[in-house]
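Residue numbers (my numbering): 0 to 477. Let me begin by presenting the structure, written as structure tokens, before commenting on it.
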């Protein structure tokens, strides 16, 4: 039986359509992986399947009524809070004054999702507790949503969606931002769900090697076209991407002190939770650090201290670029040295402005563009976008390009001022194999050609680390 079928389907708006009419089906018992390059059409296909981008009448059919209630779609942006979270700003997570008695906790929101999704029966309560146990959510129930790490937020969103027991569950990149243990947990959960006859799974993946064993069909898209539709899992050839970098860093910068970062017995607490405890850490100029640890171990909190986004830094013994925090320097004195990209930053960018303006905002460290770039500055932005393979997106609106293309735009923003300290927090989220290799090559080349520049690189995947890494810090969960 066909659960979902699109026949020669075209979106009602031309800008929502793939290059060719779509023939897609999901048969009963199938579990599908949709793969392909960034901007290849994966999200556009999903939007047609879910009805977010409506197609012409009689071009789509479902084996159930009320598709909205029977199809649950966890998008890339959902993992950072969701499109409806309009009040979120980049530093909000670290400002406790923004949290009041009405701020929801994980337990509040999950219980609300549970009660809204069906009757309160012993069977459903048992399923709820099973999800809590599988994801270790019990220890997060009293935590404010706004304080969740990107990995914790992903688990929260997945759990809330599963309480509805949808007929079709669609997840974009379910494993990004998760540590190895949690990736195994998610994979095991999806495997269990795949065995239930009343639920089918569609995964949208950027990594071919993350296609789970339960997937029965793989669809590959490229350049807004179906490239292949294979009934059994198979290995696709590795795409090679050339890298050409010339004069990658042209600016002459004043010399910096030898110590770029110094933490002396730093402890960070939120209420009864200790996030960082008695941390000593020194980063010297020219060093290239990897930063790793379990979800919720404090990686993002540590970076918020380095980027001057966390007000608790004033109560700690922290020195940045040779200046002790609280000695009179402004946050902009610190940020002018730093190029930064992170899941939180991706979440905070909601301005639907041309991509080149997003890149240009990195010149002044703003979220959004509040100055008019000179012609020289525009050319610098174009050169970096060209290096990341996104020059053709310069005039495209940021919220109208794919999540992978958005991440490349934000990476170009991080590099645009040739920063002294480059902080890349999960930089390869949502990128296909070719673009992951490209980004790693750019990082390596940037550090090789600029030996005085310093790097902090966060990832849960060892194979995502660039070759230049020469130091590592692993945080344990308190």
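Every residue gets a Cβ at the ideal spot worked out from N, C-alpha and C, and that includes glycine.
With DSSP as the reference, label residue i as helix, strand or coil.
i	result
residue 457	strand
residue 262	strand
residue 35	strand
residue 63	coil
residue 395	coil
residue 338	strand
residue 228	strand
residue 366	coil
residue 219	strand
residue 5	strand
residue 345	helix
residue 357	helix
residue 80	Per-residue confidence for residue 80 stands at a pLDDT of 42, beneath the threshold of 50, marking its modelled position as unreliable; the derived number appears in the next sentence. Reduced to three states, the DSSP call for residue 80 is coil.
residue 71	strand
residue 138	helix
residue 156	helix
Mark residue i as exposed unless 16 or more other C-beta atoms lie within 10 angstroms of its C-beta, in which case mark it buried.
i	result
residue 229	exposed
residue 134	buried
residue 313	exposed
residue 67	exposed
residue 345	buried
residue 325	exposed
residue 0	exposed
residue 125	exposed
residue 18	exposed
residue 462	exposed
residue 453	buried
Closer than 7 Å by C-beta to residue i: which residues in its own chain qualify, once you throw out the five before and the five after it? Chain order, please.
i	result
residue 22	5, 6 and 7
residue 47	5, 8, 10, 21 and 54
residue 16	9 and 10
residue 123	117
residue 219	34, 35, 226, 227 and 235
residue 307	330, 333 and 334
residue 262	278, 279, 280 and 317
Residue i lies in the beta strand (DSSP E); which residues open and close that run?
i	result
residue 311	Note, residue 311: premise wrong, no beta strand (DSSP E); not H, not E.
residue 471	470-474
residue 23	21-26
residue 41	Run containing residue 41: none in the beta strand (DSSP E); it sits in the alpha helix (DSSP H), 41-49.
Leaving out five residues on either side along the sequence, give the residues of the same chain with a beta carbon under 8 Å from the beta carbon of residue i.
i	result
residue 180	293
Could you tell me the boundaries of the alpha helix (DSSP H) in which residue i lies?
i	result
residue 439	432-448
residue 109	105-115
residue 132	121-134
residue 145	Premise fails: residue 145 is in no alpha helix (DSSP H) and is neither H nor E.
residue 185	179-193
residue 378	374-386
Would the C-beta of residue i count as close to the ligand ADP, meaning under 6 Å from any of its heavy atoms?
i	result
residue 167	The ligand ADP is absent from the structure shown, which contains no ligands of any kind.
Counting only the same chain and skipping the five closest in sequence on each side, list residues whose C-beta sits under 6 Å from that of residue i.
i	result
residue 276	266 and 477
residue 215	29 and 30
- Query: Considering only residues of the region 268-309, which uninterrupted alpha helix (DSSP H) runs meet the minimum length of 4 residues and lie entirely inside it, listed in chain order?
  - Reply: Counting whole runs of 4 or more residues, the region 268-309 contains the alpha helix (DSSP H) stretches 298-305.
- Query: Curious, which full-length alpha helix (DSSP H) runs of at least 4 residues does the region 399-430 contain?
  - Reply: Entirely contained in the region 399-430, the alpha helix (DSSP H) runs reaching 4 residues are, in chain order, 402-414.
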